[in-house]
Structures are given as structure tokens and as C-alpha cells.
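The structure under discussion appears below in the form of C-alpha cells.
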Amino acid sequence: MIRRAFLLLVAALALIGCEPRVTPTSTSTPATFLDKPTPQHLRVMTYNVNWDSIFPAGDPNNDQLRDSDRVEPFRRILKAVQPDVLCLQEIGQDRHPSQVGAILDEVLPLAGGEKWRAHIGQDNVIVSRFDLTMRADASIHQNRTLTTGHALALVDLPDAEYATDLYMVCAHFKSSGGEINLRLRQHQADTLVAWVRDMQAPGGKIDLAKGTPWIILGDLNAYDTDPARHVTTLVTGDIVNEDRYGADAKPDWDGTDATDALPRHNGTGTETYTWRNDAEGFNPGMLDRIIYADSVMRVDNSFVLNTTTMDPGLLQAAGLQANDVFLNPVTSYYDHLPVVVDVAITR
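Just so you know, we're using this note's numbering here: the sequence shown kicks off at 1397 and counts up by one.
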């Protein structure tokens, strides 16, 4: 009886195996470059918005250099990208950072009545869903109209979701060509490598818990017409002015180079430029960078947002418009593009 039942089961399985397989049709929306790999990934965005363009024209706190309006495009970009932490540059230096946080509170309100946290250093503003501690700033160069430097803070991530916090340096390097500006950019890079060396060693001006992920991002003004030596310094820890800033120091916790994320446009293709102005004679360039300690964190998704090349269906689904990344659509002046990484803490 048992043998007969067994033979019937074998025959049934054989018949099933002969039937053609039908692949179920997925009813879920396919993932796009705008989607985070998982909810636990930390989405970080850097964006040089051009002087106070994200505030209304009549705002009395607008910087004197403001000459463009990105109020609505910026809000659409925020809704589409849904960042967790932002590094913004060219925010008027007399503006209170809470005014930047208020934009996020309006566009991406947090649960439970929580407010976005914001910290300003020179024209750089760090904005975060999470608490910001160890706040600091550094001034590198000052002239009559502006001061360049960086803002620094520890993003205090929820202990229940993350094993550690994230240390962020939101930077804006000196612009323009010429030997003086090259030296100023190198000066800022040397300063930052010395700071990273200090935060990894006991004592000094700053101490981080061993293995704390760190990220340096922003408008580094890494022109293709320059050697961009300052970017090499940030990645390798090779300090140029050792008499002033001390010995070279590999920046990652494991004694190796850091990683330059180099995202591609909309997460695909070959384009990696983050700045473009077709009205001038300069090539599009990767002026904006995201450099991080890859031994304790991993980038699983990254992109330079370029709405001008997005599929119309995806634009509509994301609530974006094709010209949203233009500073001036008439002259095809992009200026800077938003740069985004999705980070997994691996420590």
C-alpha cells in the first residue's frame, strides 16, 4: 500500500514537472535610482544651491549675491530625494540655520512634531533628521564678501537602528583658478586631513569613538583645469604643508585611503559631472565630491540628480520637472547638481 502511494506521488510530480512554468507578474513598482536600498540606509545629499536661491526673493536675510530663484524646484527635489542628512553650500552667512531647517519642516515634516536640526559654518549648513552634536566650524579664507571654510558635526543616529554615529564635514573650498586659489584649496585639504588625524588619536582638539564613520562632502571646486591636488590629499592623507599641519596620515580607520564616491547621473551611464554652464567656455566638471571612510561604511546607491535626462514617466511619478536642476533654463545654466549617496554603516 505504501509502495503504491509512493508510485502515485512520483507520477503526479512528473506530470507537474512537464507543465510549463508561469512567472508571476509583479504588482510592485520597480525600484529606481531614487529609491533607497533599504529603510536602514542613510541618505546623504550635498548641494550647492547658489546664494540663497532656496529662499523667496523678498526675504530680508537674502545674501547680496543672490540673483536666482530655486524656491519651488528645491522643494520638489527634497520631496523626490527624501534625504536624511543634507550638506548645503552658499547659504547666506548672516542667516540663522533654523531658517533652513524650517524649509525641511515644511516639505518633509518629521513624525511626532520633531524638528529638523541645522548647523551653519560659514556658508555651509548641515541639516539632519537626527540630533547634531560636537558642532564646530572652521574659517579658511576671508575677503570682503564671504568666508570659505566648513561646518562639522556628529550626526547622532538612533542607537536602536545604528551601531554608531556619523561624523560629517560639510565643506566649500575656495573657487577660481590661479596659484593663490590653488594654495587656498590645498590649505583647506591639509587642515581637514590634520583634523581627521586628530579625531582618530586620543587627546588634541577632538576625539571620536574608534571606528566612527566619517564623510567629507560639498563643493570642493575640483576643476578639471587644475591638478585638483587637494582632492588627492583628502583621499590619500598626503599633506603638502607638513611643517604647518604635521605628517601625512592615511585617513581611514584601517590605515588606508578614503574613497571618492564619484556618483553617476541618475545612477547610470558615464556622466559624473556635478557642475555645468553651457554659456561659458568651461567643461562640465566634478566640482562636488563625497569622500568617506570605506572601512566602516559602504555606499550601496549613489547618483547625481539630473532631471533634464530623466524619463518623463519617472519625472511625473517623483513630482519633478525636467528643468528643476537648471539655475537658468534659458541659457542652459545648470550650476551645481544635487549629489546623493545611500550609506550603510558596516562597523
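Note that beta-carbon positions come from the ideal geometry of N, C-alpha and C, so glycine has one too.
- In this structure, the CA atom of E1486 is about 21 angstroms from the CA atom of Y1563.
- Looking at G1508, I1516, R1471, P1479, the one whose alpha-carbon comes closest to that of I1499 is R1471.
- Excluding five sequence positions before and after Q1436, the CB atoms of its chain that fall closer than 7 angstroms to its own CB belong to E1557, given in chain order.
- For the pair of segments examined, the stretch 1716-1729 was found not to touch the stretch 1637-1650: the number of CB pairs separated by less than 8 angstroms stays below three.
- Between the beta-carbon of L1474 and that of V1503 there is about 5 angstroms, and that keeps the pair under the 8 angstroms contact cut.
- In this structure, the CA atom of P1479 is about 27 angstroms from the CA atom of L1461.
- Of all C-beta pairs linking the stretch 1526-1537 to the stretch 1545-1553, three or more are shorter than 8 angstroms, placing the two stretches in contact.
- The closest CA to that of E1575, considering only T1621, L1438, G1651, G1633, is found on T1621.
- Taking 7 angstroms as the cut-off, the Cβ atoms of D1707 and P1469 do not count as close.
- With the rule of 3 Cβ pairs closer than 8 angstroms, the stretch 1511-1524 does not count as touching the stretch 1580-1592.
- Note that the stretch 1693-1709 touches the stretch 1660-1671; at least 3 beta-carbon pairs, one per stretch, sit closer than 8 angstroms.
- In the structure shown, the three-state DSSP call for Y1729 is strand.
- The residue from F1429, L1580, D1431, T1608 with its alpha-carbon nearest to that of F1569 is L1580.
- Per DSSP, the beta bridge partners of N1724 are Y1729.
- For T1560, there is no enclosing beta strand (DSSP E), as DSSP marks it with neither H nor E.
- Taking all protein chains in view, the Cβ of R1640 is surrounded by fewer than 16 other Cβ atoms within 10 Å, so the residue is classified as exposed.
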